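Take a look at the structure below.
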Amino acid sequence: MKRFGLIGEVLSYSYSPIIHKAFYTRHQMDAVYELREVKKKDFSTTIRSILEEYRGLNITIPYKNDILPFLDTADEASRQIGAVNTVSNVDGTLIGFNTDVYGFLDTLDHYRVPVQGARYVILGTGGAAKSVYYGLKTRQVASISFVSRRRESDWIKDEKIWSYDDFPTKKADVFVNTTPVGMTSKEARSPIEVEKLDGAGHVVDLIYNPEKTPLLVEAEKAGLQVVNGLFMLVSQALKSEEIWTGVEVDAEEKERIHQIIAELMYK
Numbered sequence: 019m020k021r022f023g024l025i026g027e028v029l030s031y032s033y034s035p036i037i038h039k040a041f042y043t044r045h046q047m048d049a050v051y052e053l054r055e056v057k058k059k060d061f062s063t064t065i066r067s068i069l070e071e072y073r074g075l076n077i078t079i080p081y082k083n084d085i086l087p088f089l090d091t092a093d094e095a096s097r098q099i100g101a102v103n104t105v106s107n108v109d110g111t112l113i114g115f116n117t118d119v120y121g122f123l124d125t126l127d128h129y130r131v132p133v134q135g136a137r138y139v140i141l142g143t144g145g146a147a148k149s150v151y152y153g154l155k156t157r158q159v160a161s162i163s164f165v166s167r168r169r170e171s172d173w174i175k176d177e178k179i180w181s182y183d184d185f186p187t188k189k190a191d192v193f194v195n196t197t198p199v200g201m202t203s204k205e206a207r208s209p210i211e212v213e214k215l216d217g218a219g220h221v222v223d224l225i226y227n228p229e230k231t232p233l234l235v236e237a238e239k240a241g242l243q244v245v246n247g248l249f250m251l252v253s254q255a256l257k258s259e260e261i262w263t264g265v266e267v268d269a270e271e272k273e274r275i276h277q278i279i280a281e282l283m284y285k
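Take any residue in the sequence shown, note its place counting from 1, add 18, and you have its number in this note's numbering.
In C-alpha cells:
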C-alpha cells in the first residue's frame, strides 16, 4: 500500500483525506492518506524521518516555510515563494513543490475570472499573498497592488501597498483576499469596506469556511461576482496527486470531488 499524508500542527479540521480518498477510489489505487500532527517543538528533530516514511506528503500551517531546509531540492515556484506545500519522495530524494499557485490560477480559470489585462488588488501581504502574487505574475495582468495593515514588506519591491484607510475606489477589477479575516474561527467581519470595492467585478476569497465570508456576502449584495477558496483547496490537492502518482485529473473529476466536499462542508 502506498502511503501519503498531511503534516501540520493542528489537523482535526482537515477535509484533505476525503479529497484524496475520492481520488484513490476513482483510480482503484491501493493507497492511504494519513494526518500527521507535529508539535512545533518536535518539528526539526522528527520531520526528516516522517518524510522518509511516505511516498508523498502535503505540508500545511505552520510548516510551509520550515520544511525547505529538509528537502533535497524544490521547484522554481517553491524557491521563489519560499514555501512548499507538497513533497514527493522519489527513491529517497525529497522534492518540494508549491501547488497552491496552480490551485489559485486553476480557480480563476474554472470560474472565468478575468486575468489578462485585469487590475488585481491583493488583500494582505503574508504567505498566501506571496503565492497569489507569484501566480499572477505568470499571467498578463494589467497591474497588481496590495492593501495591508503594514505599509512595508520585505518581499514586495515594485508594487504599491495601500493602507485600508487610504485605498481609493475604482482601482481594481478583481480583489483577492489572502487574510484570515472572515474565517469561521475569526471575527465575523470583512477586511475591507464594501464601498472600496466600487469599480471591481469580482472578489476571490481564499477562505472556504464559511462558504461565504462577510466580504463575499457584502460583495455579492453590491452586484459583484464572488468565489470562495474551496475549489482551490481541491485543485491544489489533486495536483499533488498528479505529482505523486503520475495520474492526470481531468476537469470533470475535479468538479465531482469539489461537489462532494461542498456538500459535506456546507450541508
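C-beta atoms are modelled at their ideal positions from N, C-alpha and C, and glycine is treated no differently. It should be emphasised that the depicted structure is a prediction, and the values quoted were computed from it without experimental measurement.
- Taking a cut-off of 8 Å for Cβ pairs, the region 80-92 and the region 30-42 do not touch, as fewer than three such pairs fall below it.
- Around the Cβ of Thr43, a 10 Å sphere holds fewer than 16 other Cβ atoms; the residue is exposed.
- Cβ neighbours of Thr64 within its own chain (closer than 7 Å, five residues either side excluded): Val56.
- Counting every other CB atom within 10 Å of its CB across the protein chains shown gives His45 a total below 16, marking it as exposed.
- Nearest neighbour of Val165 by Cα position, chosen from Arg157, Gln158, Ile174, turns out to be Ile174.
- Annotation: Phe193 is outside any alpha helix (DSSP H); the continuous beta strand (DSSP E) that includes it extends over 192-195.
- In the three-state scheme derived from DSSP, where H, G and I count as helix and E and B as strand, Ser96 is classed as helix.
- Of the candidates Ala49, Ser181, Leu248, Ala49 places its Cα closest to the Cα of Met19.
- Cβ-Cβ separation between Ile37 and Ala255: approximately 5 Å, consistent with a contact (criterion under 8 Å).
- In this structure, Ser106 sits away from Thr143, with a CB-CB distance that is not shorter than 8 Å.
- Taking C-beta atoms under 8 Å as the contact rule, Ala190 and Val244 fail to qualify, at a distance of about 14 Å.
- Assignment of beta-bridge partners to Leu126 by DSSP yields no partner.
- Gln243 carries a strand assignment under DSSP once its states are collapsed to helix, strand and coil.
- Cβ-Cβ distances below 7 Å link Asp216 to Thr187, Lys188 in the same chain, with the five nearest sequence neighbours on each side left out; the list follows chain order.
- Rounded to whole angstroms, the gap between the alpha carbons of Asn195 and Ile225 is 8 Å.
- Of the residues Ser253, Gly247, Val221, the one whose Cα lies closest to the Cα of Glu238 is Val221.
- Restricted to the region 36-64, the beta strand (DSSP E) segments that are unbroken, complete and at least 3 residues in length are 49-55, listed in chain order.
- By a beta-carbon distance limit of 8 Å, Asn103 contacts Asp118. Their separation comes to about 5 Å.
- In this structure Val265 is not in contact with Ala240, their Cβ atoms being roughly 42 Å apart against a cut-off of 8 Å.
- Only residues of its own chain outside the window of five on either side were considered, and among them Ala160, Ser161, Ala190, Asp191 have a CB closer than 6 Å to the CB of Arg137, listed in chain order.
- Here DSSP, grouped into helix, strand and coil, assigns Val165 to strand.
- When the Cα atoms are used, Ala147 and Ile99 turn out to be separated by approximately 10 Å.
- Just so you know, the alpha carbons of Ser208 and Thr202 end up roughly 12 Å apart.
- Between the C-alpha atoms of Tyr284 and Tyr81 there is a straight-line separation of about 28 Å.
- Annotated as distal: Tyr151 and Ala95, with beta-carbon spacing of 8 Å or more.
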